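Engineer: Just so you know, the protein sequences line up as chains X and D, in that order. My numbering puts the first residue of the first sequence at 6, with every later residue one more than the last. My numbering puts the first residue of the second sequence at 6, with every later residue one more than the last. From the three backbone atoms N, C-alpha and C, an ideal C-beta is built for every residue, glycine too. Bear in mind the structure is a predicted one, so any value in this text is a computation, not a measurement. This structure is in structure tokens; I'll ask about it shortly.
Protein chains: 2
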Amino acid sequence: MKKLRKTFNNELSKMHVRFAEMGMMVHEAIFRAVKAFVDHDKALAHNVIVRDQAINECENELEKMTLEVIALYQPVTADLRDVITILKASSDIERIGDHAVSMCNATIRMKGSQRIAEIEVEIAKMGDYTCSMVEHVLDAYVNRNLERAYQIAKDDRFLDAELRKIRQRCMTVMQAAPASVFSGSYYISVATYLERIGDYVTNVCEWIVFLQLGEIVELNPSSKNNL
Amino acid sequence: MKKLRKTFNNELSKMHVRFAEMGMMVHEAIFRAVKAFVDHDKALAHNVIVRDQAINECENELEKMTLEVIALYQPVTADLRDVITILKASSDIERIGDHAVSMCNATIRMKGSQRIAEIEVEIAKMGDYTCSMVEHVLDAYVNRNLERAYQIAKDDRFLDAELRKIRQRCMTVMQAAPASVFSGSYYISVATYLERIGDYVTNVCEWIVFLQLGEIVELNPSSKNNL
Numbered sequence: 006m007k008k009l010r011k012t013f014n015n016e017l018s019k020m021h022v023r024f025a026e027m028g029m030m031v032h033e034a035i036f037r038a039v040k041a042f043v044d045h046d047k048a049l050a051h052n053v054i055v056r057d058q059a060i061n062e063c064e065n066e067l068e069k070m071t072l073e074v075i076a077l078y079q080p081v082t083a084d085l086r087d088v089i090t091i092l093k094a095s096s097d098i099e100r101i102g103d104h105a106v107s108m109c110n111a112t113i114r115m116k117g118s119q120r121i122a123e124i125e126v127e128i129a130k131m132g133d134y135t136c137s138m139v140e141h142v143l144d145a146y147v148n149r150n151l152e153r154a155y156q157i158a159k160d161d162r163f164l165d166a167e168l169r170k171i172r173q174r175c176m177t178v179m180q181a182a183p184a185s186v187f188s189g190s191y192y193i194s195v196a197t198y199l200e201r202i203g204d205y206v207t208n209v210c211e212w213i214v215f216l217q218l219g220e221i222v223e224l225n226p227s228s229k230n231n232l
Numbered sequence: 006m007k008k009l010r011k012t013f014n015n016e017l018s019k020m021h022v023r024f025a026e027m028g029m030m031v032h033e034a035i036f037r038a039v040k041a042f043v044d045h046d047k048a049l050a051h052n053v054i055v056r057d058q059a060i061n062e063c064e065n066e067l068e069k070m071t072l073e074v075i076a077l078y079q080p081v082t083a084d085l086r087d088v089i090t091i092l093k094a095s096s097d098i099e100r101i102g103d104h105a106v107s108m109c110n111a112t113i114r115m116k117g118s119q120r121i122a123e124i125e126v127e128i129a130k131m132g133d134y135t136c137s138m139v140e141h142v143l144d145a146y147v148n149r150n151l152e153r154a155y156q157i158a159k160d161d162r163f164l165d166a167e168l169r170k171i172r173q174r175c176m177t178v179m180q181a182a183p184a185s186v187f188s189g190s191y192y193i194s195v196a197t198y199l200e201r202i203g204d205y206v207t208n209v210c211e212w213i214v215f216l217q218l219g220e221i222v223e224l225n226p227s228s229k230n231n232l
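Okay, here's the thing in structure tokens:
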């Protein structure tokens, strides 16, 4: 029995390591997506898109590992919760990667269209903030830091406020200058992607609460589905 | 053993029923979200937003059921795959609901802004198509219809093409008429939500393949992360 326990713990550790690796890849993806947007760097944007495949494969691999671990070790209570949480949280992490890709697609398509420096500065700020949130939530997950999870979910409100502000400013600029419509509408999309990443981060915070307390909670529900 | 098998099958049936109910609620949500958008019906939009809570609760409930069923019956092979797939696919279904809510938020915020009838017609068409896709994929899931799943994933390309078209038309109109910027930028958002729902439908198609063949596949990868 002790041996089985040890082997299960080994397998679970492997899953945690894979999850952490996936998290680091996604953090890197969003970091680079923001950088590509700020620097108008299409090559970097393309690079993020190509690498997304590896993130998707991580999610698939975690799924296979989940099936194997459950079938072999038949975990219960906290162990089972641990395995299932990795499985579910990996969907949220993977979708953060998808949104980094969407940002990169926007960066590539904007081409030489008339840029609006002041709005790009705002988006860069929002991007840095989002990137930090992703980093912090991964750290909180690894360290099972409940208090930190609550705090990060609260931080998401900043992104909601930023999106509203950026949307408003884009509309004002687009109304005044037709030449800015192309870039302005992409700015709104990019800000929407960043705000949505905040929602996925909040989901991961909820998984941390679930792991620690065994309760399914909804953190920050009013901020979700913002525009 | 036979008795345990029977009880497991009962529990699994309950999960399938709950999943199907969740699917129906989400189908209704997207149907109503499209209708609210087309009819400029803010009360209906509000109603969809309020009801989303019940969809989220379904997902939480399925999660609890998964933990209980695995801990109690320790399923393996096809049974385990069945349980895990419900758990993962329910995330995709829940997110379709979130996007219906986002559409409704857009409908509410557009207020009396200058509408563009020809683009609204296009979005309505896209909305109807998306709604059908959701209905078809739920049906394919329940009936384990592999061929249908492949077909539905292919259908997603229509939404990608529609989004590109609508985005382009919105930009043209916004450039020509500053008064249309407000509604135009919301149209782009709404079309983006519909396109993203298509991606979630494709994910569910992938789960159907996984259930039937035990293989994790990526259907229609090039269409994902479109803008």
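Tell me which residue opens and which closes the alpha helix (DSSP H) that D/Asp46 is part of.
Structural biologist: By 1-based counting over the second sequence, the position of residue 46 of chain D is 41. Segment: none, D/Asp46 is in no alpha helix (DSSP H) and carries neither H nor E.
Engineer: Are the Cβ atoms of X/Ile98 and X/Val31 separated by less than 7 Å?
Structural biologist: As a first step, residue 98 of chain X must be located in the first sequence, where it is residue number 93. As a first step, residue 31 of chain X must be located in the first sequence, where it is residue number 26. Cβ atoms of X/Ile98 and X/Val31: closer than 7 Å.
Engineer: Rounded to whole angstroms, what is the Cα-Cα separation between X/Met138 and X/Val206?
Structural biologist: As a first step, residue 138 of chain X is located in the first sequence; it is residue number 133 there, counting from the start. As a first step, residue 206 of chain X is located in the first sequence; it is residue number 201 there, counting from the start. X/Met138 and X/Val206 have their C-alpha atoms some 7 Å from each other.
Engineer: Flag this pair as yes or no: are the beta carbons of X/Met20 and X/Ile91 separated by less than 7 Å?
Structural biologist: For the purposes of this step, residue 20 of chain X is identified with residue 15 of the first sequence, where counting begins at 1. For the purposes of this step, residue 91 of chain X is identified with residue 86 of the first sequence, where counting begins at 1. Yes. Within cutoff.
Engineer: For D/Val209, does the three-state DSSP call read helix, strand or coil?
Structural biologist: Counting from 1 along the second sequence, the entry for residue 209 of chain D is found at position 204. D/Val209 falls in the helix class under three-state DSSP.
Engineer: What does X/Met179 reach in chain A if we use C-beta pairs closer than 8 Å?
Structural biologist: Note that chain A does not occur in the displayed structure, where the protein chains are X and D.
Engineer: Three-state secondary structure (DSSP) at X/Leu218?
Structural biologist: Working through the first sequence from its first residue, we reach residue 218 of chain X at position 213. DSSP places X/Leu218 in helix when its eight states are reduced to three.
Engineer: Report buried or exposed for X/Lys93, applying the criterion of at least 16 other Cβ atoms within 10 angstroms of its Cβ.
Structural biologist: Translated into the one-based positions of the first sequence, residue 93 of chain X becomes position 88. Buried, by the Cβ-count rule.
Engineer: Does DSSP put X/Glu140 in a helix, in a strand, or in coil?
Structural biologist: Locating residue 140 of chain X in the first sequence gives position 135, counting from the first residue. Here X/Glu140 sits in helix by DSSP.
Engineer: For D/Arg172, which of helix, strand or coil comes out of DSSP?
Structural biologist: Indexing the second sequence from 1 puts residue 172 of chain D at position 167. In the structure shown, D/Arg172 sits in a helix (DSSP, three-state: H, G or I).
Engineer: Distance cutoff 7 Å, beta carbons only. Does X/Val43 sit that close to anything in chain D?
Structural biologist: Walking along the first sequence from the start, residue 43 of chain X turns up at place 38. Not one chain D Cβ lies under 7 Å of X/Val43.
Engineer: Would the beta-carbon of X/Ala111 fall within 7 Å of that of X/Ser190?
Structural biologist: Taking the first sequence and counting its residues from 1, one reaches residue 111 of chain X at position 106. Taking the first sequence and counting its residues from 1, one reaches residue 190 of chain X at position 185. Going by C-beta atoms, X/Ala111 is not nearer than 7 Å to X/Ser190.
Engineer: Residues of chain D with CB closer than 8 Å to the CB of X/Arg86, please, in chain order.
Structural biologist: Residue numbering aside, residue 86 of chain X sits at position 81 when the first sequence is read from its first letter. Per Cβ cutoff of 8 Å: Leu72.
Engineer: For the alpha helix (DSSP H) containing D/Gly102, list its first residue and its last residue.
Structural biologist: Taking the second sequence and counting its residues from 1, the one referred to as residue 102 of chain D is at position 97. Start and end: Thr82 to Arg114.
Engineer: Does DSSP classify D/Gln58 as helix, strand or coil?
Structural biologist: On the second sequence, position 53 is the one that residue 58 of chain D refers to. Residue state, collapsed to three classes: helix.
Engineer: For X/Asp160 and X/Lys170, I'd like the C-alpha separation in whole angstroms.
Structural biologist: Locating residue 160 of chain X in the first sequence gives position 155, where the first residue counts as 1. Locating residue 170 of chain X in the first sequence gives position 165, where the first residue counts as 1. X/Asp160 and X/Lys170: Cα-Cα distance of roughly 16 Å.
Engineer: Taking 7 Å as the threshold (beta carbon to beta carbon), is X/Val22 in contact with chain D?
Structural biologist: On the first sequence, residue 22 of chain X is found 17 positions in, with the first residue counted as 1. X/Val22 does not count as touching chain D.
Engineer: Residues of chain X with a CB under 7 Å from the CB of D/Gln79: which are they?
Structural biologist: Along the second sequence, read from residue 1 onward, the residue named residue 79 of chain D stands at position 74. Near D/Gln79 (Cβ distances below 7 Å), the residues of chain X are Gln79.
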